[in-house]
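> One structure, pasted below without further comment.
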Amino acid sequence: MEPSANLTKIFFAVGAHAKAVNPDKAPSQRRIAEYPLQIWYLLLSLLALVSICHFTARLLARKSVSAGTRGPSRLTRLPLAVAHVFRTMAFRTTASFAGYTLNLAEFFLGCGYIAVIFTWALINTTDLEGHRFSPRYFADRSGLIVATQFPLLIALGMKNNIISLLTGISYDKLSILHRVVARVLCVLIWVHAYGRLTQVGKAEATGDLNDAWFRWGVAAATGLTLLSFLSVKPLRKRSYEAFLVAHFFVGLILLIGAYMHAKRDTVTHYVWPSFVIWGFDRLLRYLRVFIVNGGYLHLFGRKDTTASLQANVDVVSARFLRVVVRVPSRVSWAPGQVAFLAIPSVSRTPWEAHPFTIANIDSGRPGAAEGILDGASRDEKNESPTESAPTVAVLPYSKNKELIVLIRVRGGFTKRLLDAAANKTDSFKAFIDGPYCTPPSITGFATVLLFAGGSGVSFTLPLLCDLIRESKSKTNPACNKIVFVWAIRDPEQIRVISDALSNSVGTDPLASLGIDIDIRIHVTTSVEDTDGDAASSETASDAGKEGGYSNKLEALSCARVLAGRPDVDEIVRAEVQAATGAVSVNVCGTPGLAAHVRKAVRAASSGVDILRGGASVSLHVESFGEA
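Per UniProt numbering, the sequence shown starts with residue 1, numbered consecutively.
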């Protein structure tokens, strides 16, 4: 009888244990472990696809594709036509809402990410009792998805990241996706919080407040929510410098809070890579600043130098500055790249630095002549009252290499720099961090169109000078036509580029080199873009002379100063129709200018036209705004 009694006890014990184990636990835990990884498999597959397309495009860009004589459609040009249609739909068609303008590629990438995250977070959440969206299934899963996405969030916000290296997409373009990911994770982290509170009940959740892991989780969720709120465009534009400070400190609290919260469930291995990515970016930036700005000279006891860069600031007008920084010869950059400029005597915080496009080409590049690089000639510098300062003591290894940026005065740092420059005759101590960004490759195009508005000329001017350099050195024989269009409001701004253009074009007969250059500077009385109907473009040499710009432009047969807005539609249409090969269109300016150029490119070419022998068109939009 006794063995039978023991068996009975064992039977009921096993039955009670089986009853206590929730049958939903096993499938829930399995999906919690698998679904976040499945998201990463999908994202990595997309990254691989974009990377392959990027490197393939770079390889093909080295080969010039000629436009044939227009006639019947040819299947051999089908790949070009398909690529053109895709680019038109993805990058040249935009959607605007709530003050934001995104091209369809950015829009659908954002929507796709939202769909993937919430699908994997909320799918298969019906428990075995038939309750849909059971917290047991989505609460912890949502939290783990947030944790696994932190490395992506951090990588998209870094200036040195492998995503840019693989895809060729600059960090400034990735910042849009950085904000999208942050806001999606912000919503999901509160889905996680709601699910946990529903699952454990109010009483247990109140008791969890006494636990450090719970408080760290609240801190992380609050930090992400605060950053998502502060990054809304109107608030970010209103006080960008304050946003940068908040972004740094609150972001650090967010990561620390997420790590401490994840320790309870031993999933910190999903969070700590974020610290590695962030630290690696900071390390590279600090090393670059240390080397570029000569900090290492102190390590060797050099006392004959201040081991700092010096910047001369030229007040071109009440809204325009030119900053010339003497940099070491080892510093190099490509046309169209960006450098971060910090001037301690003007910056409010030690880490305040703002990005500006480098407005001159690198003198160390093959075939670059010194005259092409300077924004002003030596004679002009000696005559200019704002540049007659004492000789600047430069680093011993700088060899007088100059890096020039053009700055549109707005508020904050640029306004303080204007005020300081107006009251200061000598140079400023400066620090440079860069270069960054991935400029467009315009080698191999038969026709290149460059559009700029205001300070956007910082982007198009070095591209123009580099194209001329390549033509003179015969390293880019494919290019036979360059159209340079600059819309400005103040004629005084012309002197910023007049000497650079004059020295770049020089006296060489460019026509004998097989290149046709058309430089058009439009002086308008409206905002610095080309929206609206094109005004009549009568020659405005008198207006230019009244503005005081350098007469050196008059000596250039390829340069014209015109009154009124440029007819962007007609310029693009005419050049695309006349092109003998692929066409590259590049624009830097206000959103209105970018929208107008996009519209003109869409109208000037079509897939059918390319099939019939028309020129394929590539478009690069470089947007700018407050730093």
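Cβ atoms here follow ideal geometry from the backbone N, Cα and C, with glycine treated the same way.
Give the DSSP-derived three-state secondary structure of Leu501 in the structure shown.
Looking at Leu501 - three-state DSSP - the assignment turns out to be helix.
> Could you round the C-beta distance between Pro462 and Ile361 to whole angstroms and report it? I think they count as a contact, below 8 Å.
With 8 Å as the limit, Pro462 and Ile361 qualify as a contact, their Cβ atoms being about 5 Å apart.
> Rounded to whole angstroms, what's the CA-CA distance from Leu46 to Ile52? Just pull it up for me.
The straight-line gap from Cα to Cα measures roughly 10 Å.
> Are the beta-carbon atoms of Trp486 and Ile515 separated by less than 8 Å?
Cβ atoms of Trp486 and Ile515: not closer than 8 Å.
> Would you say Ala487 touches the ligand GDP, meaning its beta carbon is less than 7 Å from a heavy atom?
The ligand GDP is not among the ligands present in this structure, which contains no ligands whatsoever.
> Round the Cβ separation of Ser363 and Lys401 to the nearest angstrom and send it over; I've been treating them as touching at under 8 Å.
Yes, they are in contact, since the Cβ atoms of Ser363 and Lys401 sit about 6 Å apart, within 8 Å.
> What's the call for Ser455, buried or exposed, on a 16-neighbour Cβ count within 10 Å?
By the neighbour-count rule (16 or more Cβ atoms within 10 Å), Ser455 is buried.
> For my contact list, Gly257 and Trp216 are in at a C-beta cut-off of 8 Å; report their separation, rounded to the angstrom.
Rounded, the Cβ-Cβ distance is 5 Å, consistent with contact.
> Note down, in chain order, each residue of its chain lying with its Cβ closer than 8 Å to the Cβ of Thr525, except the 5 sequence neighbours on either side.
Excluding residues within five positions, the ones whose Cβ falls inside 8 Å are Arg489.
> So what's Trp333 in DSSP terms, helix, strand or just coil?
Trp333 falls in the coil class under three-state DSSP.
> Could you round the C-beta distance between Ala478 and Ala342 to whole angstroms and report it? I think they count as a contact, below 8 Å.
Not confirmed; about 40 Å, so no contact.
> Figure out for me which residue from Val232, Asp24, Thr198, Ala193 has the closest Cα to the Cα of Ala220.
Taking only the C-alpha atoms, the option nearest Ala220 is Ala193.
> Please report the residue range of the alpha helix (DSSP H) in which Gln577 lies.
Here the alpha helix (DSSP H) through Gln577 covers 568-578.
> From Ala246, Lys237, Asp211, pick the residue whose C-alpha is nearest to that of Met260; which is it?
Considering only alpha carbons, the answer is Asp211.
> When you compare the CB positions of Ile404 and Val324, do they come within less than 8 Å of one another, or not?
Against a cut-off of 8 Å, the Cβ pair of Val324 and Ile404 comes out as a contact.
> Apply the 10 Å Cβ neighbour rule to Lys303 and answer buried if 16 or more other Cβ atoms are within range, or exposed otherwise.
With a pLDDT of 48 at Lys303, under the threshold of 50, the modelled position of this residue cannot be trusted; read the value that follows with caution. Per the 10 Å Cβ criterion, exposed.
> Arg179 by DSSP, collapsed to three states: which one?
Note: Arg179 maps to helix in three-state DSSP.
> For Arg264, tell me which candidate among Gly143, Ile497, Ile123, Gly434 has the shortest Cα-Cα distance.
When each option's Cα is compared against that of Arg264, the closest is Gly143.
> Give me whichever residues DSSP pairs with Val587 in a beta bridge.
Phe451, Val621.
> For Ser388, count neighbouring C-beta atoms within 10 Å of its own C-beta (all shown protein chains included) and say buried if the count is 16 or more, exposed if not.
Only weak support is given to the placement of Ser388: the predicted model assigns it a pLDDT of 33, under 50, and the question is left unresolved by the model.
> Whole angstroms is fine: what's the gap from Thr167's alpha carbon to Gly564's?
Their Cα atoms are separated by approximately 39 Å.
> What span of residues does the alpha helix (DSSP H) with Asp466 cover, start to end?
457-473 is the span of the alpha helix (DSSP H), which, as asked, contains Asp466.
> Taking only three categories from DSSP, how would you classify Leu227?
Reduced to three states, the DSSP call for Leu227 is helix.
> Figure out for me which residue from Ala334, Ile468, Phe413, Asn22 has the closest Cα to the Cα of Glu241.
Cα-wise, what sits closest to Glu241 is Phe413.
> Take Ala95 and list the residues in its own chain whose beta-carbon comes closer than 6 Å to its own, dropping the five residues that flank it on each side.
If we look at Ala95 and ignore the five residues flanking it on each side, its Cβ neighbours are Leu102, Phe107.
> Nearest to Leu284 by alpha carbon, out of Val315, Pro435, Gln149?
Comparing Cα-Cα distances from Leu284 to each of Val315, Pro435, Gln149, the minimum goes to Pro435.
> Please determine, among Thr268, Arg30, Ser170, Ser329, the residue with the shortest C-alpha to C-alpha distance to Ser623.
Nearest of Thr268, Arg30, Ser170, Ser329 to Ser623, Cα basis: Ser170.
> Suppose the cutoff is 6 Å on Cβ atoms and the five residues either side in sequence are ignored; what does the same chain contact list for Met158 look like?
Excluding residues within five positions, the ones whose Cβ falls inside 6 Å are Asp281.
> What are the start and end residues of the alpha helix (DSSP H) that includes Tyr436?
Segment 428-436 is the beta strand (DSSP E) holding Tyr436; no alpha helix (DSSP H) there.
> Rounded to whole angstroms, what's the CA-CA distance from Arg319 to Leu464? Just pull it up for me.
Approximately 24 Å between the Cα atoms of the pair.
> If we ignore side chains and look at the alpha-carbon of each, how far apart do Arg410 and Ser228 end up?
Taking the straight line joining both Cα atoms gives about 25 Å.
> Just curious, the alpha helix (DSSP H) that Ala339 is in, first and last residue?
Segment 338-342 is the beta strand (DSSP E) holding Ala339; no alpha helix (DSSP H) there.
> Could you spell out where the beta strand (DSSP E) holding Ile404 opens and where it closes?
Run containing Ile404: 401-408, per the beta strand (DSSP E) assignment.
> For Glu34, is the classification buried or exposed, using 16 other Cβ atoms within 10 angstroms of its Cβ as the cut-off for buried?
Under this definition Glu34 is an exposed residue.
> Quick check: the segment 446-460 against the segment 573-591, are there 3 or more CB pairs under 8 Å?
The segment 446-460, when compared against the segment 573-591, does touch it at the 8 Å Cβ threshold.
> Taking DSSP's pairing of strands, which residues face Leu309 in a bridge?
In DSSP, Leu309 forms a bridge with Ala430.
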